[in-house]
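Chains as they are written, first to last, in our numbering: chain A, 7 to 318; chain B, 57 to 345; chain C, 2 to 428.
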C-alpha cells in the first residue's frame, strides 16, 4: 500500500494540505484488518472449502476427486432447474412488491396520517418476528379448514374460492411470496421513510406550487430522487430472496411437487437429507449459485445505475 | 442525499402533502393494512395465554381464563431465563462488535483511495451471497479446531462474520455520501484519522448505524440454524432453540410456543420503540446544529 | 483440592499435574442424545434406564440430553465428521449414511444380543455385525372410530379386514355423511400420505414382489401396481382425505381424528400412542374415545392379505470415535434386557425391538395393547417402510409424489408411476 501512495504524495503541489482522500497504511490497517481477519477466518475459508469440495465426492471421511462430474450432473438435474426457476421468479418479482409496499407505507406516514407513531411500530412488528414464527402463523392463516383466509372468503360468500393455499402447486409459491412480503415490507418502509425525510424540502414544495398531482409528484419527483435508496433496497431484497430458506423449509419443504423448491432448500436437502455425507454435490450447487447471484447483482447494478446516469 | 437515515417519522408539522387524506378510502386501506400486519401478532399474543387444548378447540376465541402461568412455566421450568441471558449475551456482543468493525471498514472503503479498495469491497460484499447451509460444516470444523465449538464465544464470532458483509455494504453506501468538505475541515483542525472516524463519521452516520444495528439485532436474535448446530449444551442454548423445544415431533405445544415467542419478541419491540424515538430526537438535534 | 490449587499456583507445569489429580478421580462421562423431548412416556423410560445405570456403575456418569429428532440429525451430521458426536445418540435405520460412513461402532462385543428380537436385528445389521439398539419398533395400523364407522352404516367383519370394495364403500358413505373418511396430513412428514397405498400394494403383491418394488426391480407400470393405484386414486377423487391434507401436520391429524372435526379412519404407525395417550388437556385422545384397530383392506386377488409392515424406528447407536466406549457399551448393555423391553411396552404401549415378555404387561392401556396384539396375531410381516428402502432422489420423489401429490389428487396414476419409475426403477 505504501508504494502506491508514495508517488502521489511526492508530486503534490507545494503548500497544499495532504490529499485527504489518502492516508498512511497503518491507518488503513487499523480500519480494515479486524473486518478482513473475521472475513478470512470465518467466511473466506469455509467458502473456499466449499468450492474445493465441489470437485470431490465424499463418502464418510474419504474424498475422491471427480473433477467436474458434479457440475456435469448438476446441468442435467431437473430438480435443480426447477429450483432455479422458482428462485428467479421469487427474486425478481417479489422485491418489487416489498419495495413498493414499503414506499407507499412510508409516504402514508410522511403525509401525516393520524397515529403515525403507532402505525410506524404496528407496521414494523412483522419484521421483528423470526421466520419460524412467521411460518407457523401463516400456515395457520392458510389452513384450509379454519385458516382466517378461507374463513373470510366463506364469510363474504366466496366460499367457493377457498383453497388449500400451500397444497396447490399453482398457488404455493405465490402464497410464500405474500408471506415473505408481509414480513419485510416494514423494513423497506422504515428505510424509505428515512430517505424521504432527507429529501430537500424545497423540491417538494416547488412541486406543490406547480400544482403537481399526487401521482405526478410521486412519479416525477419522489421516485426519481429516491432512486438510489430504492435500488439499494431492491438489491438487498433480491439477494435475500436468492438465499431464501427458512420460510420455505418450514412451510412447504419445497413441495408440493417441487413447486416451491428453492436453490437453498435443495442445497440443504442434498447436504443433510439425502442419506449421504457427500458434500461435493451440494457444494457444486452452492458454487454455481454463488456465481449466478454475483453476476445478477453486478448486472442489476449496471442496468439500473446506468439508467440513473442517463436520465439525470 | 442521505440514503439510510432515521428510523421514524419526524413530526409531520409542515407536511407538504396533505390533500391525500381527505379521502376516506385511504383511511380504510391503512386500517386494513394495520390489521393485516398487527392482527397475526395480536392473535399470537392471545394464544400465549391459552393452553394448547383450548386453542385446538377454537383458534380464535378470547382467552378465558388467562393462563399467565404459561409464562412462568416457560421462564422458570423451561429455562427461558437462561436462554434469554445467553441470547442477550451473544447477540448484543456480536452486534456491538460487528457494528464497530464494520463501520471502521466501511469508513476506510468509502473515504480513502488506495489500491485494492474496490477489490476488498467486492470480496467482502460477495460473501453476503454464500448460502449458510453449505458453509455450515466447514465453519463447524473451524470452531472445533479452535476449541470454540459448543461455546457462546464461538457462536458470537460466527454471528459477527454472518452480519459483517451486510453491515459493510449498508454503511459504505451511507458513509460515501458524507460530504468531503467535512473531512477537509476536520483535517485542517488537526484531527487525526481515528479522531475523524470517532468524532465525525460515527455521529453523522448514526442514522445508518442505527438501521444496521436494528437489522443485525433482529436477524441474530432470531437466528436458528447455527444456534442449533454449534451449540449442544442445554445451558448454552439461545431463545430460538428454547422455542423450538415446544415444537415436538408429535406434538406442537402451540400455547407454549406463543408464550415463548412473546418472551423473546416483546423486549425487542420495546427496544425498537425506545430506539426509534431516541433516534428521532438525536436526528432533530443534529438537524438544528 | 487445596493441594491441587496450590499446585496450580506454582507453575504452569504444576498446574497441569495439580489439576489432573482431582480430574482423574471423576467418573468418565458418557454423552448421550435422545429424541422424544415431547413424549413423556419414552422420555421417562430413557431417563430411568440411565439412572439405574449410573446407580450401578459409579465409575461412569451420563450426560443425557433430549433433543428433537431433526436437530439431532442436523447436529450429528456435522459432529461425526469432527470427532465431536456424543458417545451414544439416537438414530433410525432410515439414516444408513452414518453406518456407511464408518461412524458407528458395532455393538456385538458390548451388548448381549439375545436381548434383541431376531426380527429387529436386520434393521441394524451390516456385514454380520449389529450397530444399533432397536428400542422402538412399530407396525403400520389402521385405527378407526368405532362409533362413526357404525354410524355411516358399515360393519367391520370379525377378522377386522374389509375388502377393497367395502373400504371404497366406507369412504363413499363417509363423504356422503360429511365425515372425512381418512384423517391424514403430510404438512410435516415425508411418509403418511403413502401409508394406505403402500399397505395396499404389500397385500396385493405379497412380500416378495413388494420387496422388488421397493428395491427398484419391479416397475410401477406393473398391472397389479397400476390397479392398486387406480383404486387409491378413486378413493382420493371421492374425497377420502381432508381438504387440508397438504398442510395438516401429523399432530394435527391426530387431533383431526379424535377431536374435531373427526374422521372414520386414521392410518398411522403404532407409535400412535406417543401422541394419543398424552393427557387430553394437552391434546391427547379423550378417555372415552371409541378407538378400534382394523387391518388394512384386502386387495382383490391379493397375494398376501395377512401381510403387514413392521419396522424399527428410534434406536441408540454408539459413535465409532467415542472416547468412552467402555462406559457407553456398558450403558447400552444395561438397556438391552428383557425386563427393560417389557417396561417399554408397558409404559409406552408400543412395540420394541428389545426382547420382551408381553404377558407381564399391566398398564392403564392394557385393553389397547391387547387389541394391538390381536391385530398382529397370525400376521406375516414385511420389514421396513418405503423410506427405509428408498434413498436419495428416489426417497425425495416418494415424498413429493406418493406422499403428497398423489393422495392430494394433484397427479394422475400414469404420471405418478412415471415419476417413481424415473427415480427408483433400475430397469
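Glycine residues also receive a C-beta, built at the ideal position from the N, C-alpha and C atoms.
Distances from the alpha-carbon of residue 99 of chain A to those of A:45, A:59, A:246 put A:246 closest. Among the residues of the region 121-153 of chain A, those with a Cβ less than 8 Å away from any Cβ of chain C are 145, 148, 149, 150, 151, in the order of the chain. With respect to the 8 Å criterion, residue 193 of chain A and residue 254 of chain A are not classified as neighbours on the basis of their beta carbons. Put simply, the CB of residue 90 of chain B is far from chain C, with every gap to its CB atoms at 8 Å or more. In the structure shown, residue 278 of chain B falls within a coil segment according to DSSP collapsed to helix, strand and coil. Here residue 272 of chain B is buried, its C-beta having at least 16 other C-beta atoms within 10 Å.
Straight across, the Cα-Cα distance linking residue 28 of chain C with residue 62 of chain C is about 6 Å.
CA-to-CA, the gap between residue 224 of chain C and residue 126 of chain C works out to about 34 Å. Straight-line spacing of the CA atoms in residue 56 of chain C and residue 134 of chain C works out to 21 Å.
Ranking A:208, A:138, A:242 by CA distance to the CA of residue 185 of chain A puts A:138 first. Any Cβ of chain C closer than 8 Å to the Cβ of residue 85 of chain B would place that residue at the interface, and such an atom is absent.
In the DSSP secondary-structure assignment, residue 164 of chain C is bridged to C:299. Contacts with chain A at 8 Å (Cβ-Cβ) include residue 213 of chain B. Sequence-distant Cβ neighbours of residue 390 of chain C in its own chain, meaning closer than 6 Å and more than five residues away, are 215. When Cβ pairs closer than 8 Å are counted between the two stretches, the region 110-128 of chain C is seen to touch the region 329-337 of chain C, the count reaching three or more. Per the Cβ contact rule, the region 140-151 of chain C is not in contact with the region 390-401 of chain C (fewer than 3 Cβ pairs under 8 Å). Look at residue 110 of chain C: its C-beta is not under 8 Å from any C-beta on chain B.
No residue range can be given for residue 119 of chain A, since it is assigned to no alpha helix (DSSP H) and is classified by DSSP as neither H nor E.
When secondary structure is reduced to three states using DSSP, residue 358 of chain C falls in the coil class, being assigned neither helix nor strand.
Taking C-alpha positions only, residue 226 of chain C is separated from residue 251 of chain A by approximately 36 Å. Per the C-alpha coordinates, the member of B:164, B:141, B:330 positioned closest to residue 28 of chain A is B:164. Residue-level contact by beta carbon holds for residue 401 of chain C and chain A, with a gap shorter than 8 Å.
Restricting attention to A:102, A:131, A:83, A:204, the CA atom closest to the CA of residue 94 of chain B is found in A:131. From the listed residues C:208, C:121, C:281, the smallest Cα separation to residue 132 of chain C is found for C:121. For residue 318 of chain B against residue 101 of chain B, the beta-carbon gap comes to about 6 Å, under 8 Å, which counts as contact.
The alpha-carbon of residue 231 of chain A is positioned some 15 Å away from that of residue 220 of chain A. For residue 260 of chain C, the closest Cβ of chain B is nearer than 8 Å. Assigned with DSSP and collapsed to three states, residue 62 of chain A falls in strand.
Residue 281 of chain A reaches chain C at 95, 96, 97, 98, 392, 393, 396, counting residues in chain order whose Cβ is nearer than 8 Å.
Between residue 48 of chain C and residue 258 of chain C, the alpha-carbon positions lie close to 31 Å from each other. In this structure residue 162 of chain A is exposed. Its beta-carbon is surrounded by fewer than 16 other beta-carbon atoms within 10 angstroms. Beyond the five residues adjoining it in sequence on each side, residue 269 of chain C comes within less than 7 Å, by CB distance, of 142, 144 in the same chain, given in chain order. Under DSSP, residue 309 of chain C forms a beta bridge with C:382.
The continuous alpha helix (DSSP H) containing residue 249 of chain B extends over residues 249-252. Listed by position along chain A, the residues whose Cβ is nearer than 7 Å to that of residue 189 of chain B are 251, 270, 273, 274, 277. Taking 8 Å as the threshold, the shortest C-beta distance from residue 139 of chain B to chain C does not fall below it.
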